[in-house]
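Asks: The opening position of the sequence shown corresponds to residue 1 in full-length UniProt numbering, with each subsequent residue numbered one higher.
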Amino acid sequence: MNTTLVFGASSNPGRYSNLAIRRLVENDIDTIAFGVSGGTVSGVQIKDNLAEFQNINTITLYLNPKNQKEYYQKIIDLKPKRVIFNPGTENPEFYKLLKNAGIEVEVACTLVLLATGQY
């Protein structure tokens, strides 16, 4: 199954990561979430332990570049097929590391991709 990990998830309904979880679930995409604050969105539990995740197709990123650094290797170790860099998360340094690991980099908005059938 094609599982999407929302990375930097928030239970705050005003956050784009929260909206992304809701839209992914509405589109019947197998969705899991990682965030530091926990909570549940549309039946998806936000977990704070990356060791619980495996077999991930896509990571949709909602962390600013400064906060991404500590997760570079952890994200690479999850071996996703692609990482989507949503607006505000653009990070050329991380793009290079991902591409070197054979992971596709997509600079796009998950919400737009879903709305236009390009996800």
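Here a beta-carbon is modelled for each residue, glycine too, at the ideal position from N, C-alpha and C.
Answer yes if the stretch 10-17 comes into contact with the stretch 35-53, meaning at least three C-beta pairs across the two stretches below 8 Å, and no otherwise.
Replies: Touching, per the Cβ criterion.
Asks: Note down the Cα distance separating L63 from T3, rounded to an integer number of angstroms.
Replies: Each residue's alpha carbon lies about 19 Å from the other.
Asks: In terms of residue numbering, what span does the beta strand (DSSP E) encompassing E104 cover?
Replies: Looking at the DSSP string, the run of the beta strand (DSSP E) that includes E104 is E104 to V107.
Asks: For the candidate residues T89, T116, L111 and I32, whose alpha-carbon lies nearest to that of V105?
Replies: Measuring from the Cα of V105, the nearest candidate turns out to be T89.
Asks: Got a sec? Which residues, its chain only, sit under 7 Å from Y72 by beta carbon, not counting five neighbours each side?
Replies: Once the five neighbours on either side are set aside, the close Cβ partners of Y72 are F94 and L97.
Asks: Look at V44 and V25 and say whether their C-beta atoms are less than 8 Å apart.
Replies: Cβ atoms of V44 and V25: closer than 8 Å.
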